[in-house]
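Each step along the sequence shown adds one to the number in our numbering, with nothing skipped, and position 259 is 260.
Structure first, then comments.
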Amino acid sequence: MKVLDAEFVKGFIRMTADGWDQGWHERNGGNLSYRIKPEEAESIKENFKPRDWQDIGTEVPALSGEFFLMTGSGKYFRNVQLDSEANICIIEVDETGTKYRILWGLRDGGRPTSELPSHLMNLEVKKKIDPNYRVVYHAHPANVIALTFVLPLDEKVFTRELWEMFTECPMVFPEGVGVVPWMVPGSREIAIATSKVMEKYDLAIWAHHGLFAAGVDFDATFGLMHLVEKSAEILVKVLSMTPQKAQTVQPDDFRHLAKDLDLTLSEEFLYEKPASPR
Ligand code: 2HA
Ligand code: ZN
2 MKVLDAEFVK
12 GFIRMTADGW
22 DQGWHERNGG
32 NLSYRIKPEE
42 AESIKENFKP
52 RDWQDIGTEV
62 PALSGEFFLM
72 TGSGKYFRNV
82 QLDSEANICI
92 IEVDETGTKY
102 RILWGLRDGG
112 RPTSELPSHL
122 MNLEVKKKID
132 PNYRVVYHAH
142 PANVIALTFV
152 LPLDEKVFTR
162 ELWEMFTECP
172 MVFPEGVGVV
182 PWMVPGSREI
192 AIATSKVMEK
202 YDLAIWAHHG
212 LFAAGVDFDA
222 TFGLMHLVEK
232 SAEILVKVLS
242 MTPQKAQTVQ
252 PDDFRHLAKD
262 LDLTLSEEFL
272 YEKPASPR
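Next up, the structure:
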């Protein structure tokens, strides 16, 4: 089968187009990766033409021998659907989990995403917790980024505020969201910090930069990004109108929700707030 005829490749490309349509991928912003299932790799392997092994820049031993579909470094989400073979690639991780090689794509040259260490470390953490996790998505949604200039960079505050704005939020991400302070993008340090957050959450906010989401498939992962950004947008609108909400969902309301819907909502997020703003 041709690579572009494979369903997982079509799903990947559709997600890049959807992200572009949302306005989350200015210029070459954002990146997407997918851990390919063995049978999916098998179905397209006749197209693989291995290039040289390169350093990943970190170690992901639990991903040794696995195949990944990902966006290219410096490539624009806007162009993925128009010319997929030039803008995305399939890579293989070697037996040591320290090197990768390109097998397909990036027809005119290039490298996998500049956030390769973060993508692979996140995929590794998620695989260890639940092998069904396959997708890691990084985008630059403006409202989430705006909130990182206004709210304390504290996972308790971000989780609680996003939950309050939109009751879908505690239902879809009852474990909450993590926050990574500003760090150099593309670095091993930010990859380590993000993968630590991913041990607990499916969402890692990058202060003054963007958001990482992880999920079992493209729908779940895109939906997570979309949901968080929409909730952030509502909070930005509220804070633009008033520094103080007139009314909101209270800790006991969340406890009630958790009981009725059989959710686990950690008490760490259900703290009492002072009467003043937030
Ligand atoms: O430009 O989003 O974090 C790609 C990025 C880097
Ligand atoms: Zn980014």
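Just so you know, even glycine gets a beta-carbon here, dropped at the ideal spot from N, CA and C.
When the Cα of residue i is compared with those of the options, which residue comes out closest?
i, options, result
"Glu40", "Val136, Phe9, Trp207", "Phe9"
"Ala259", "Met166, Ala42, Met172", "Met172"
"Arg108", "Ile89, Asn123, Ser115, Glu116", "Ile89"
"Phe1", "His257, Pro252, Asp263, Leu262", "As shown, the chain starts at 2 and ends at 279. That puts residue 1 outside it, with no answer to give."
"Leu228", "Val158, Val4, Gln23, Asp131", "Gln23"
"Gly57", "Glu43, Lys46, Ser115, Ala42", "The question names Gly, yet the displayed sequence has Ile at residue 57. Of Glu43, Lys46, Ser115, Ala42, the residue nearest in Cα terms is Ser115."
"Arg79", "Arg15, Lys274, Ile37", "Arg15"
"Phe13", "Ile91, Thr99, Ile191", "Ile91"
"Asp6", "Ser85, Lys50, Lys127, Trp164", "Ser85"
"Asn133", "Trp54, Gly211, Ala221, Pro244", "Ala221"
"Thr97", "Ala87, Lys197, Val137, Gln55", "Gln55"
"Ser34", "Tyr272, Asp254, Phe219, Glu162", "Phe219"
"His139", "Leu264, Leu266, Ala205", "Ala205"
"Ser267", "Glu156, His209, Met166", "Glu156"
"Trp105", "Ser196, Arg52, Glu125, Phe255", "Arg52"
"Thr160", "Lys128, Asn32, Phe255, Val61", "Phe255"
"Val81", "Lys274, Pro142, Gly30", "Gly30"
"Glu176", "Pro186, Ala192, Met2, Trp164", "Trp164"
"Ala42", "Thr99, Met2, Thr195, Thr72", "Met2"
"Phe49", "Glu93, Gly111, Ile235", "Glu93"
"Lys129", "Arg36, Met242, Phe223, Asn144", "Arg36"
"Thr249", "Ile103, Gly187, Phe167, Met71", "Phe167"
How would you label residue i, buried or exposed, when you count the other beta carbons within 10 angstroms and need 16 or more for buried?
i, result
"Ala247", "exposed"
"Met199", "buried"
"Met226", "buried"
"Trp183", "exposed"
"Val178", "buried"
"Asp203", "buried"
"Trp21", "buried"
"Lys76", "buried"
"Pro244", "exposed"
"Ser241", "exposed"
"Gly1", "Given that the chain is displayed from residue 2 to residue 279, the structure contains no residue 1 and the question cannot be resolved."
"Phe150", "exposed"
Is DSSP giving residue i helix, strand or coil here?
i, result
"Met184", "coil"
"Ser34", "strand"
"Val136", "strand"
"Phe49", "coil"
"Ala18", "helix"
"Leu204", "strand"
"Asp56", "strand"
"Leu212", "strand"
"Pro113", "strand"
"Phe69", "strand"
"Lys260", "helix"
"Gly106", "strand"
"Glu96", "coil"
"Gly1", "Outside the displayed span of the chain (2 to 279) sits residue 1, for which this structure offers no information."
"Gly75", "coil"
"Arg279", "Residue placement at Arg279 cannot be trusted, given a pLDDT of 49 that sits under 50; the coordinates are not used to answer."
Got a sec: does the ligand ADP put a non-hydrogen atom nearer than 7 Å to the Cβ of residue i?
i, result
"Lys100", "Ligands in the displayed structure: the ligand 2HA and the ligand ZN; the ligand ADP is not one of them."
* Between the segment 24–33 and the segment 47–67, do at least 3 Cβ pairs fall closer than 8 Å? -> Under the three-pair Cβ rule at 8 Å, the segment 24–33 does not count as touching the segment 47–67.
* Asked: Counting by C-beta, which residues lie closer than 6 Å to a heavy atom of the ligand 2HA, in chain order?
  -> Chain-ordered list of matching residues: Asn29, Gly30, Gly31, Asn32, Ser115, Glu116, His139, Pro186.
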